[in-house]
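Trainee: Take this structure first; my questions come after.
Residue numbers (our numbering): 10 to 423.
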């Protein structure tokens, strides 16, 4: 049994007889389709001895099922010009495929086989272990990326959010076939997943195909709910670590509310004003355009189900770290002390909404966003809802959001 309903922008929902939630973006005439599953399980769901397990399962889920060997999985979508992809975050894992329209049956059959029947053959596990070890080493060789993990370890110290998604070499050695199978059985269940589809096939057909291919039933034992609001805030820190690089890599950051906070749109707009992708962002103008102190500077937010993080990253000469920090902090302080004028806020909104409009044309990213939103909120947030919420942000909302960012912790790698 299933039920189906729809909202604006041709987003449709259904619940399969297995209990698997399904969200579908009906795009008539599209030449490309996307489908996959989003699983509410990530690095925060790992035991300390098995750090990196969620990411390792994401890698090895493609290495053999009850029906297919790794080579057949590898070629199933590639032979028609499609791609098979996956990624892992702190809270979710997504397995999906992008392919030319007309191959939905093939795609759904493969995705269902992966999440229900993966076997994690020992020989493939050993081979992929080295691949992931190399990935860890590659990440460590890029300080501008690795510093984000180092910052998370400090700002989320003592919580399941602190350790790197990739894990480490020691924990990697403890990830066996049986450990991977246990993880799949526990988390890759209908009650803990969302099936998503974006393309020209009608929702009714997608539901019919999904009912045929996704046969696993809801397990009687429900997953333990994550405790909300228990991610304690670590003390402020100000730390420099010598790693032998010529450039200094710095992150300034602050804890912010979670993804359900009413302030999330004000924070998103403020972050875009401070260090969004536009070259006219306040940080880029102050640090790069006017003073030539940095090559790269940006601000970003990461909002999880029970915690959030605001960060500013910049790379500069070691002698300029504190000068850049002072300038960046001063910019935020001014946002926290003086209300934006109506004209300034109107222009900031127009720029941000324009960026979102351009981004919405990327159907792959929109499908992934739709899946994640359904996984955590129960429904997809349409572009018009985003725009309405952004337009509702007031100057005082920006003022309050900026005030919440001070003071900032700092970590510098040199």
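The C-beta atom is built at its ideal place from N, Cα and C for all residues, glycine as well.
Could you have a look at residue 216 and say whether DSSP puts it in helix, strand or coil?
Mentor: helix
Trainee: Determine, using beta carbons only, whether residue 307 and residue 257 come nearer to each other than 8 Å.
Mentor: no
Trainee: Just to confirm my understanding: we take residue 149, look at its own chain, exclude 5 residues before and 5 after, and list those with CB closer than 8 Å. What are they?
Mentor: 155
Trainee: Roughly how many angstroms separate the alpha carbons of residue 152 and residue 423, rounded to a whole number?
Mentor: 9 Å
Trainee: Work out the CA separation of residue 350 and residue 412 for me, nearest whole Å.
Mentor: 17 Å
Trainee: So the candidates are 408, 97, 161, 36; which of them puts its Cα closest to the Cα of residue 211?
Mentor: 36
Trainee: Going by the DSSP bridge assignment, what does residue 67 pair with across the sheet?
Mentor: Its beta-bridge partners do not exist; DSSP assigns none.
Trainee: Quick test of your reading: residue 133 and residue 73, contact by CB under 8 Å. State the CB separation rounded to the nearest angstrom.
Mentor: 6 Å
Trainee: Taking one C-beta from the segment 291–309 and one from the segment 330–337 each time, how about it: are there three or more such pairs within less than 8 Å?
Mentor: yes
Trainee: Which ranges would you report for the alpha helix (DSSP H) in the segment 106–179 if only whole runs of at least 4 residues count?
Mentor: 113–126, 131–149, 152–164
Trainee: How long is the line joining the alpha carbons of residue 224 and residue 77, rounded to whole angstroms?
Mentor: 17 Å
Trainee: Rounding to the nearest angstrom, what Cα-Cα distance links residue 259 and residue 337 in this structure?
Mentor: Each residue's alpha carbon lies about 12 Å from the other.
Trainee: Taking the continuous alpha helix (DSSP H) assigned at residue 382, which residues delimit it?
Mentor: 372–386
Trainee: So if DSSP puts residue 312 in a beta bridge, which residue, or which two residues, is it bridged to?
Mentor: 317
Trainee: Kindly confirm or deny that the segment 366–376 and the segment 190–201 touch, where touching means at least three C-beta pairs closer than 8 Å.
Mentor: no
Trainee: What's the call for residue 89, buried or exposed, on a 16-neighbour Cβ count within 10 Å?
Mentor: exposed
Trainee: Identify the residues that DSSP records as bridge partners of residue 260: which are they?
Mentor: 322, 420
Trainee: In angstroms, rounded to a whole number, what distance separates the CA positions of residue 163 and residue 112?
Mentor: 46 Å
Trainee: Let me know if residue 245 comes out buried or exposed under the rule of 16 or more other beta-carbons within 10 Å of its beta-carbon.
Mentor: Around the beta-carbon of residue 245, fewer than 16 other beta-carbon atoms lie within 10 Å, marking it exposed.
Trainee: Please identify the residue among 317, 188, 181, 294 whose C-alpha is closest to the C-alpha of residue 128.
Mentor: 188
Trainee: Within 10 angstroms of its Cβ, does residue 217 collect 16 or more other Cβ (buried), or is it exposed?
Mentor: exposed
Trainee: Consider the Cβ of residue 40: report whether some Cβ of chain B lies at a distance smaller than 8 Å.
Mentor: Given the protein chain composition of this structure (a single chain), no chain B is represented.
Trainee: Should residue 410 go down as buried or exposed, given a rule of 16 or more other Cβ atoms within 10 Å for buried?
Mentor: Burial call: buried.
Trainee: Pull up the distance between the alpha-carbon of residue 229 and that of residue 201, whole angstroms please.
Mentor: Only weak support exists for where residue 229 lies, its pLDDT of 44 falling under 50; the coordinates are left without a value.
Trainee: Among 277, 352, 160, which has the Cα closest to the Cα of residue 249?
Mentor: Comparing Cα-Cα distances from residue 249 to each of 277, 352, 160, the minimum goes to 160.
Trainee: Is the segment 338–345 touching the segment 268–277 in the sense that three or more CB pairs, one from each, lie closer than 8 Å?
Mentor: no
Trainee: State the DSSP-derived secondary structure class of residue 277, mapped to helix, strand or coil.
Mentor: helix
Trainee: Roughly how many whole angstroms lie between the Cα atoms of residue 203 and residue 420?
Mentor: 37 Å
Trainee: So what does DSSP say about residue 60, is it helix, strand or coil?
Mentor: In the structure shown, the three-state DSSP call for residue 60 is coil.
Trainee: Assign residue 415 to one of two classes, buried (16 or more other C-beta atoms within 10 Å of its C-beta) or exposed (fewer than that).
Mentor: exposed
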